[in-house]
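Reviewing the structure listed below.
Chains as they are written, first to last, in our numbering: chain F, 215 to 448; chain Z, -4 to 510.
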């Protein structure tokens, strides 16, 4: 099968634009903008900001990895110097990649020219939050965060269906999730069973879209049968 | 003008390089040496008796309407004359040295004869008696209609480090070690002379019989001693109540009330312009900053005799002193009043007439002292392990003056606020800041305000681990919880909130996730 050329070969003008954006951002100091051995565009630099009260300058060295599908996939950001420990609640993958967002949330404007600025802005805030997290003794992440693992995806599916606040529905989804984790098998949800929201209607005629949202997630969990899969990040 | 993490880090780094390159020596005090010509890079390990002569009714004296008349001129002259005579007794009669005058307390050091603790202990008791008689018998002869001073004397024997941190001929001796601290801590009530056990054990049986044991210290009422003056003369010390009264009368003649000028401070007080005939009054915030656990550390090092570590500890003290002075004078335009061993006393009174601004500046300075120690000294110059400071701060009318003799003047602050700040500082632990309720009310910044809470046991507002970074963390942490948006301002800081100012660059606040 013929391989699709990487984004910078298809749109060389976008590469030029990216370099300009990286050089122009006031909170990012670009150090190098070369390609890695896999042919990925991998610029490195320092995210920097100053404490409002203390005047303390905080610097964080990062490496950005542009995926082949860029700008329809956002860049992966790595803690280049391995400054932060990988720990529970610290939002770092085992390869020191920052866990910036749950992909399904579509928090970044994929395809747009502001994508890099958004990703680096999110990196800056992640860094600031991580510093607070460190100084709090790595106990509590400041600000909103997703729950860990695939449960976040399940919760997001419920959130999209407007069921996240419904205790019965959450309990039902948790039961399904635990069942798949334990048996490593996905048993299809019966669309004619009572809706988990407690309305008394059949699922299909009440919150039927939940089934469509949860099914691929639960199937995926069943496939990989454990909580971590590097392929699943993107 | 304010504290800045990067500036503080840089200046401490530069100062540390300077201290490191200077040949720093800590030697035992011997016969050939004296404390008068002690250089800045020298310190002496002195085996001796630390004597504290305190005016136990000092608060009453400060509030006395007669002494406060004419801008407290009488108070200033009263204390000045007494301090000169106390100094003369310690230096000229008992061959010791004056360390400092700290508000109500006079701190002296007796170290002769060398290598004879028995004689040294008894001589120091006699010096204590002389200092007591000076206040209770000689002073009333000279100041007939003045309120009577009450005396409390504390003595302790042991090893302490004495260093000179004064500059340009302005001698400022400091003493660090447990005897220096302990002698002040064992001070009893009015008209008492208290000695620590270590000193008591060096006295002969007859000498010791004069004292009665009170918990772990030994106490005597010098007034109850028959012919106390004769005891001093019998040991060959040429001193009498009459002699001190005459000296004080001479000093008094040289300082008529008309000669003394006490003015309201309209601009920043320059301590070098103050003296026996010139003092200033201001509404100011007094701050005491004390290193928690430093005395214990010095004691343990002295006990082990590790001279290299003692030198490191003295170097750290110089670095600490340097930084605190920089924060006071360069960052907040305040006045360093005194270094009292491992403690700093500072005063903030500018801008005059704007009390709220002065108190805010003082609170900012308190936070900055703590930030310097916690965030920079402890991380960049952690040579003694983590050190913490206890800070006390109060605001009120303060008389700023310098008392003593030419070349050896002690800058002092007199006033209720100074007393309160000192008391509050002694009540808090390391990494804690205590401020009065009045000062707390003036704080307008919620980020600072929420760091303090009222401590009913101590009657003050106390903040624990209050540094600029912890404040930022607390404030931004709270806003991150509540706010969905964040803005990056042009000043290079992160501002979090819903109202994004025009021209600010918006940052994407995501919900981090991890598998």
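Virtual Cβ for every residue (Gly too), placed ideally from N, Cα, C.
Beta-carbon of residue i versus every beta-carbon of chain Z: anything under 8 Å?
i, result
"residue 437 of chain F", "no"
"residue 353 of chain F", "no"
"residue 359 of chain F", "yes"
"residue 383 of chain F", "no"
"residue 340 of chain F", "yes"
"residue 259 of chain F", "no"
"residue 285 of chain F", "no"
"residue 314 of chain F", "yes"
"residue 448 of chain F", "Residue placement at residue 448 of chain F is poorly supported in this model, since its pLDDT is 39, which falls under 50; the coordinates are not used for a value here."
"residue 410 of chain F", "no"
"residue 235 of chain F", "no"
"residue 322 of chain F", "yes"
"residue 279 of chain F", "no"
"residue 292 of chain F", "no"
"residue 366 of chain F", "yes"
"residue 296 of chain F", "no"
"residue 362 of chain F", "yes"
"residue 414 of chain F", "no"
"residue 306 of chain F", "yes"
"residue 238 of chain F", "no"
"residue 349 of chain F", "yes"
"residue 376 of chain F", "no"
Does the beta-carbon of residue i have 16 or more other beta-carbons within 10 angstroms, so that it is buried, or is it exposed?
i, result
"residue 472 of chain Z", "buried"
"residue 376 of chain F", "exposed"
"residue 257 of chain F", "buried"
"residue 270 of chain F", "buried"
"residue 393 of chain Z", "buried"
"residue 448 of chain F", "Here residue 448 of chain F scores only 39 on pLDDT, less than 50, and its place in the model is too uncertain to base an answer on."
"residue 432 of chain Z", "exposed"
"residue 406 of chain F", "exposed"
"residue 513 of chain Z", "Only positions -4 to 510 of chain Z appear in the structure, and residue 513 of chain Z is not among them; the question remains open."
"residue 371 of chain F", "buried"
"residue 498 of chain Z", "exposed"
"residue 176 of chain Z", "buried"
"residue 381 of chain Z", "exposed"
"residue 62 of chain Z", "buried"
"residue 438 of chain F", "exposed"
"residue 436 of chain Z", "exposed"
"residue 397 of chain F", "exposed"
So residue i and residue j are in contact, right, with Cβ under 8 Å, and what is the actual spacing, rounded?
i, j, result
"residue 36 of chain Z", "residue 17 of chain Z", "5 Å"
"residue 119 of chain Z", "residue 191 of chain Z", "With 8 Å as the limit, residue 119 of chain Z and residue 191 of chain Z do not qualify as a contact, their Cβ atoms being about 11 Å apart."
"residue 309 of chain Z", "residue 21 of chain Z", "6 Å"
"residue 487 of chain Z", "residue 263 of chain F", "6 Å"
Hey, is residue i's beta-carbon within less than 8 Å of any beta-carbon in chain F?
i, result
"residue 512 of chain Z", "With chain Z covering only -4 through 510, there is no way to say anything about residue 512 of chain Z."
"residue 498 of chain Z", "no"
"residue 7 of chain Z", "no"
"residue 468 of chain Z", "yes"
"residue 352 of chain Z", "no"
"residue 323 of chain Z", "no"
"residue 185 of chain Z", "no"
"residue 471 of chain Z", "yes"
With DSSP as the reference, please indicate the residues paired to residue i in a beta bridge.
i, result
"residue 311 of chain F", "F/292"
"residue 255 of chain F", "F/249"
"residue 279 of chain Z", "Z/391"
"residue 22 of chain Z", "Z/39"
"residue 264 of chain F", "F/271 and Z/488"
"residue 448 of chain Z", "Z/457"
"residue 399 of chain Z", "Z/404"
"residue 497 of chain Z", "None; residue 497 of chain Z has no bridge partner."
"residue 152 of chain Z", "Z/44"
"residue 564 of chain Z", "Any answer about residue 564 of chain Z is impossible in this case: the structure gives chain Z only from -4 up to 510."
"residue 285 of chain Z", "Z/338 and Z/385"
"residue 243 of chain F", "F/260"
"residue 96 of chain Z", "Z/101"
"residue 231 of chain F", "DSSP, once it has assigned bridges, lists no residue as partnering residue 231 of chain F."
Along the chain, which unbroken stretches of the beta strand (DSSP E) at least 3 residues long are found entirely within the segment 156 to 221 of chain Z? The segment 156 to 221 of chain Z contains these whole beta strand (DSSP E) runs: 168 to 171, 187 to 191, 207 to 209 and 212 to 215.
Beta strand (DSSP E) runs contained entirely in the segment 30 to 94 of chain Z, provided each spans 3 or more residues: Runs of the beta strand (DSSP E) lying entirely within the segment 30 to 94 of chain Z and spanning at least 3 residues, in chain order: 37 to 50.
As an exercise, report each continuous alpha helix (DSSP H) stretch of at least 4 residues that is fully enclosed by the segment 340 to 387 of chain Z, in chain order. List check, alpha helix (DSSP H) in window: 350 to 366.
May I have a chain-ordered list of the alpha helix (DSSP H) segments no shorter than 4 residues that lie completely inside the segment 369 to 436 of chain F? If we require 4 residues or more, the alpha helix (DSSP H) runs fully inside the segment 369 to 436 of chain F come out as 381 to 397.
Where in the segment 313 to 337 of chain Z do unbroken runs of the beta strand (DSSP E), each at least 3 residues long, occur, reported from the N-terminal end onward? Entirely contained in the segment 313 to 337 of chain Z, the beta strand (DSSP E) runs reaching 3 residues are, in chain order, 330 to 335.
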